[in-house]
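The structure appears right after this line, and notes come after that.
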Amino acid sequence: MRKLVLAIALFSTTSWAQVNTVVQWNRILLTLLRTPGVQPASIHPTRNLAILHTAIFDAVTGSPNSPEAAAAAAAHIVLVALYPPSAATLDAAFLQSLSTIPDGPDKEEAIRIGEAAANRVLTSRANDGSANPAPPLAIDMRPGAYQSTPPNFPAAVFTGWSQVTPFALMSASQFRPGPPPELTSQTYVNDFNEVESLGIPRSPAASVDQQLRRRAWNGAIQNYWNEIAQTAAVAQGLTTAQTARLFALLNVSLADTVIAMYEAKYTYKFWRPVTAIRSTDNSVWLPETKNTAADPSYPGAHAALSSAAATVLASFFGSDRFSFHVTSEVFAGVDRSFSAFSDAAQEATFSRIYAGQHFRFDLTAGQQLGASVSEFVLNNNLLP
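Reminder that position 212 of the sequence shown reads as 211 in numbering that gives the first Met the number 0, one-by-one numbering, no gaps.
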């Protein structure tokens with residue numbers, strides 16, 4: 000837990016007071032998620048992000064007199080429950096968070112409200128299906144069918160995640176996209192040729208900037224979008240209540256997009272580019288990233304989650320236009336600049352072609368899925 004301890008130590012009492020409590024606890028969870036061995040491999044991180052920020056939103060909404068204390072109390076209870084081995088570090092962060100808030104009956108009541116809100120949310124998600132054993136995926140060698148991918152041949156992940164209870168959607172299949180194109184279609188042929196050409200190391204067809212993009216975004220995409228939301232919240236000087244709602248909307252949308260995405264992935268079970276290309280055109284082809292994500296190709300995750308996040312952020316702030324920087328979590332020293340949320344979403348989405356991970360039609364389907372899920376969340380949940 001060295002990385003988490005270091006991260007929390009960097010926040011002095013002064014910095015806790017200067018930065019929104021909701022943002023601080025979001026940072027703490029992102030640090031946990033990035034610490035090897037902390038996040039259970041069978042639990043998608045977006046579930047825990049959504050639980051954390053749903054509890055914080057409920058706590059802050061119920062405690063207008065001391066929302067910071069309520070947010071900290073809710074966050075502490077949730078994260079200790081989800082990450083018991085990190086309890087001591089989280090206890091220290093909680094005490095540090097409370098130290099900036101004046102003592103008194105409002106603070107005490109807010110802590111009680113925050114703890115109660117956290118326990119309600121944890122209880123509501125206790126039997127949501129996330130702990131169910133993942134069913135094995137049957138081997139299918141037909142053209143177009145997903146197969147474990149070279150060179151490492153991983154087992155398929157999150158095969159049962161579509162059975163997890165959504166946070167807001169009526170069902171996992173509510174916005175299921177139509178099927179991928181037929182292997183004989185011109186769309187498939189065009190997109191096949193595109194990824195075969197662009198998605199290899201040192202591709203002569205890929206520009207220097209395209210090669211930079213594929214490496215910069217080759218990390219856990221939900222982490223990037225939570226950091227973008229942090230940047231926007233701080234820059235816009237949001238209140239604790241406003242920040243709580245923003246992060247709840249964002250992470251409920253991301254969590255439900257993941258549930259819907261896996262429902263579609265394991266409905267269609269479409270092969271990845273590396274399987275398609277090696278089977279039909281080039282038996283030694285490997286993507287720029289070498290290994291391929293361990294799930295079917297259609298629809299694309301970066302596309303779906305980026306579309307969902309950009310839709311939430313543009314709606315919340317009333318405009319897509321916002322200038323910000325994104326620092327890659329996997330490619331040290333790389334910093335990308337944007338003037339709109341949608342610009343970052345587009346770059347993140349299509350970086351997956353240059354990385355050799357996806358066909359273009361995977362990504363366009365993912366974009367529509369993410370937008371549909373987030374629009375539903377915005378129109379039906381966590382209303383002001």
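The beta-carbon is built from N, C-alpha and C at its ideal position, and this holds for glycine as well. As the structure is a prediction and not an experimental result, all values here were calculated from the model.
C-alpha gap between residue i and residue j, whole angstroms
{"i": "R111", "j": "S373", "result": "31 Å"}
{"i": "T45", "j": "H357", "result": "21 Å"}
{"i": "P101", "j": "S252", "result": "34 Å"}
{"i": "N290", "j": "A309", "result": "27 Å"}
{"i": "S127", "j": "W160", "result": "It is Asp, not Ser, that sits at residue 127 in the sequence shown. Cα-Cα distance, rounded: 10 Å."}
{"i": "E315", "j": "S278", "result": "It should be pointed out that residue 315 corresponds to Phe in this sequence rather than to Glu. One C-alpha to the other measures close to 45 Å."}
{"i": "T401", "j": "P142", "result": "Not covered by the structure: residue 401. The range shown for the chain is 0 to 383."}
{"i": "Y267", "j": "P179", "result": "8 Å"}
{"i": "Y145", "j": "Q241", "result": "43 Å"}
{"i": "T60", "j": "F321", "result": "27 Å"}
{"i": "A71", "j": "N379", "result": "26 Å"}
{"i": "H52", "j": "T183", "result": "45 Å"}
{"i": "R26", "j": "V37", "result": "15 Å"}
{"i": "L245", "j": "A92", "result": "22 Å"}
{"i": "A74", "j": "V21", "result": "9 Å"}
{"i": "E287", "j": "V77", "result": "38 Å"}
{"i": "D90", "j": "P149", "result": "43 Å"}
{"i": "A254", "j": "A307", "result": "10 Å"}
{"i": "A40", "j": "N217", "result": "18 Å"}
{"i": "P35", "j": "Q185", "result": "43 Å"}
{"i": "Q235", "j": "E107", "result": "29 Å"}
{"i": "D208", "j": "S350", "result": "10 Å"}
{"i": "N250", "j": "G177", "result": "25 Å"}
{"i": "F10", "j": "F323", "result": "Bear in mind that a pLDDT of 45 at F10, under 50, signals an unreliable position, so the model cannot answer this."}
{"i": "G365", "j": "S62", "result": "38 Å"}
{"i": "L377", "j": "F166", "result": "13 Å"}
{"i": "I276", "j": "W284", "result": "7 Å"}
{"i": "M0", "j": "R33", "result": "Confidence is the limiting factor: at M0 the pLDDT is only 32, short of 50, which leaves the residue's position unreliable, though a coordinate-based value still follows. Those two C-alpha atoms are separated by around 11 Å."}
{"i": "N19", "j": "S96", "result": "10 Å"}
{"i": "A205", "j": "L211", "result": "10 Å"}
{"i": "V233", "j": "Q23", "result": "11 Å"}
{"i": "Q173", "j": "P84", "result": "37 Å"}
Burial state of residue i, where buried means 16 or more other Cβ atoms lie within 10 Å
{"i": "L5", "result": "Because the pLDDT of L5 is 36, which lies under 50, any placement of that residue in the model is unreliable, and the number read from its coordinates should be weighed accordingly. When all chains shown are included, L5 counts as exposed."}
{"i": "A331", "result": "exposed"}
{"i": "A370", "result": "buried"}
{"i": "P132", "result": "exposed"}
{"i": "K264", "result": "buried"}
{"i": "E262", "result": "buried"}
{"i": "I258", "result": "buried"}
{"i": "I138", "result": "exposed"}
{"i": "S282", "result": "exposed"}
{"i": "T238", "result": "exposed"}
{"i": "R201", "result": "exposed"}
{"i": "M385", "result": "In the structure as shown, the chain begins at 0 and stops at 383. Residue 385 is therefore absent and cannot be evaluated."}
{"i": "E195", "result": "buried"}
{"i": "L94", "result": "exposed"}
{"i": "H43", "result": "buried"}
{"i": "E181", "result": "exposed"}
{"i": "A344", "result": "buried"}
{"i": "N225", "result": "buried"}
{"i": "N192", "result": "exposed"}
{"i": "D190", "result": "buried"}
{"i": "T363", "result": "buried"}
{"i": "D361", "result": "buried"}
{"i": "T13", "result": "Here T13 scores only 41 on pLDDT, less than 50, and its place in the model should not be relied on; the value that follows carries that caveat. When all chains shown are included, T13 counts as exposed."}
{"i": "L3", "result": "For L3, the predicted structure reports a pLDDT of 36, less than 50, and the residue's modelled location is therefore unreliable. A value from the coordinates is still provided. Looking at its Cβ environment, which holds 16 or more other Cβ atoms inside 10 Å, L3 is buried."}
{"i": "L382", "result": "exposed"}
{"i": "G299", "result": "buried"}
{"i": "T122", "result": "exposed"}
{"i": "A87", "result": "exposed"}
Residues that DSSP places opposite residue i in a beta bridge
{"i": "T326", "result": "D334"}
{"i": "F269", "result": "A144"}
{"i": "A339", "result": "R320"}
Contact belief for residue i with residue j at Cβ below 8 Å, rounded distance in angstroms
{"i": "S336", "j": "D319", "result": "Contact flag wrong, Cβ pair sits at about 16 Å."}
{"i": "A68", "j": "A117", "result": "Contact doesn't hold; Cβ gap of about 13 Å is too wide."}
{"i": "Q229", "j": "L48", "result": "Not really, about 12 Å apart at Cβ, beyond 8 Å."}
{"i": "L168", "j": "F375", "result": "7 Å"}
{"i": "A302", "j": "Y223", "result": "Actually they are not in contact, since the Cβ atoms of A302 and Y223 sit about 13 Å apart, beyond 8 Å."}
{"i": "V120", "j": "A54", "result": "4 Å"}
{"i": "A231", "j": "L312", "result": "6 Å"}
{"i": "G198", "j": "I50", "result": "Incorrect: roughly 35 Å between the Cβ atoms, too far for contact."}
{"i": "R213", "j": "A354", "result": "4 Å"}
{"i": "A58", "j": "G113", "result": "4 Å"}
{"i": "V79", "j": "A215", "result": "V79 to A215, Cβ: 34 Å. No contact."}
{"i": "I227", "j": "V163", "result": "The Cβ separation is near 25 Å, so there is no contact."}
{"i": "L29", "j": "Y82", "result": "Contact flag wrong, Cβ pair sits at about 13 Å."}
Contact test: residue i Cβ vs the ligand ADP heavy atom, cutoff 7 Å
{"i": "G36", "result": "In the structure on display, the ligand ADP does not appear, and there are no ligands present to speak of."}
Problem set entry | Cβ pair count under 8 Å reaching 3, the region 142 to 158 against the region 288 to 304 | yes
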